[in-house]
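What follows is a short report on a single structure.
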Amino acid sequence: MNTESRNKGCAGFGFGVEFLPVNTTATEEQIASYQQDGFLHVPAFLAADEVAELKQGVLDALDEMGSRKINDEDLGWEDKKQSYYDKVFTQRLNLHRINDTVKKYMLDAELGRMVCDLEGVDGFRVWHDQTLIKEPYGNPTAWHLDDPYWSFTSKHAISIWIALEDATLENGCMWFVPGSHKIARFENVGIDENMASLFDVYPDMKNVDPVSVPMKAGDCSFHNGLTAHGAGANMTRGRRIAMTCGYMPAGSTFNGQANILPPDYLASLSVGDVLDNEAQNPLIFSRTADAPAT
Ligand SMILES: O=C(O)CCC(=O)C(=O)O
Ligand SMILES: [Fe+2]
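Here the sequence shown is numbered in my numbering, starting from 2 and rising by one per residue.
Here it is as structure tokens:
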């Protein structure tokens, strides 16, 4: 991430781990493009040494997790390595809970400020991070939306997707439907064998050409939680390694869906409660300096 943003000062309060020298300045053009298209490609988001550091953190966390899918209470999500979905990617969630390197990057306050700028909101909490590794010959990722899976309902959820190896047309780079976030409601489909079920729900999205976003290692993309996206199969012998994180606008409320919330916390929630548990959803940045709730 480069240092340009530091020179602009920081209009806000970072609750993330620390300020990193990362490429977290979104220009007016980038913000306008993101808001128009619902996604943004940022070349060279990480420098080569940062890619190496974050990749090592991700691989260490993977090793430590074994077949456990999420660092949380046992949600019964052990990886069975059988279904179609398990061959879309090796998926491990909330690595930041067990790995300080992943935490340093995913909870970075300057990154928090950038996602605030892109979405035009005052603060963001982590929803969950996840590494998504499309293994050699891995299945494609069916078109889907993100926010409707999650336990809050917002038009301003945002995700970052960081390439830790080059992501190419051959190994399953990301694709987006420009402007689809403006058409989407909160109806979704699963990530299964049917690539195009989403377009049965939203036929108007078929009027727009999808855009592929090949990336060099260290590039990233941002996408809105209602932007239609997917990825092709990995036709190569190499792993497509990505680190991602979904962010929830601060102040978002519980919508009744469990998603990744652990059973004890879930049992304590009523629909409409603010999701401000600092351990579950750390606040990474706020312009209003709300003290993180505990
Ligand atoms: O990595 C992929 O293939 C899909 C990624 C994705 O769906 C996401 O980051 O929301
Ligand atoms: Fe997604």
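Think of the CB as a built atom: it goes at the ideal place given N, C-alpha and C, for glycine as much as any other residue.
As the structure is a prediction and not an experimental result, all values here were calculated from the model.
Item: Residue 227 beta carbon near ligand 1 (any heavy atom closer than 7 angstroms); Value: no
Item: Ligand 1 heavy atom lying under 7 angstroms from the CB of residue 133; Value: yes
Item: Closer than 6 angstroms to ligand 2: residues, by C-beta to nearest heavy atom, in chain order; Value: 145, 147 and 230
Item: Ligand 1 heavy atom lying under 7 angstroms from the CB of residue 125; Value: no
Item: Spatially closest choice to residue 182 from 90, 166, 146 and 242, by CA coordinates; Value: 146
Item: Element boundaries [alpha helix (DSSP H), containing residue 114]; Value: 110 to 120
Item: One or two residues paired with residue 130 in a DSSP bridge; Value: 246
Item: Cβ shell of residue 58 (< 6 angstroms), same chain only, five flanking positions each side left out; Value: 100, 102 and 103
Item: Backbone secondary structure at residue 98 - three-state DSSP; Value: helix
Item: Under the three-state DSSP convention, the category residue 224 falls into; Value: strand
Item: CA-to-CA distance, residue 84 to residue 42, given in whole angstroms; Value: 31 angstroms
Item: Stretch pair the segment 108 to 123 + the segment 230 to 244: three plus CB contacts closer than 8 angstroms; Value: no
Item: Residue 207 burial status per 10 Å Cβ neighbour count (16 or more: buried); Value: exposed
Item: Length of the line joining the Cα atoms of residue 235 and residue 36; Value: 30 angstroms
Item: Top-ranked residue by Cα proximity to residue 164, from 31, 246, 122 and 200; Value: 246
Item: Under 8 angstroms between C-beta atoms of residue 155 and residue 262; Value: no
Item: First through last residue of the beta strand (DSSP E) which encompasses residue 175; Value: 175 to 177
Item: Given residue 287 as reference, the closest of 258, 250, 276 and 274 once Cα atoms are compared; Value: 250
Item: The segment 161 to 175 / the segment 213 to 228 touching (three or more Cβ pairs under 8 angstroms); Value: yes
Item: Nearest to residue 67 (by Cα), restricted to the options 51, 94 and 201; Value: 94
Item: Alpha-carbon to alpha-carbon, residue 179 and residue 244; Value: 22 angstroms
Item: For residue 43: DSSP bridge partner residues; Value: 221
Item: Reduced DSSP secondary structure (H/G/I, E/B, other) of residue 22; Value: At residue 22, the pLDDT of 43 sits below 50, so the modelled position is not reliable; the number obtained from the coordinates is stated separately. Coil.
Item: Span separating the alpha-carbon of residue 175 from that of residue 65; Value: 27 angstroms
Item: C-beta atoms of residue 195 and residue 241 nearer than 8 angstroms; Value: no
Item: Residue closest to residue 120, alpha-carbon to alpha-carbon, out of 205, 272, 159 and 45; Value: 159
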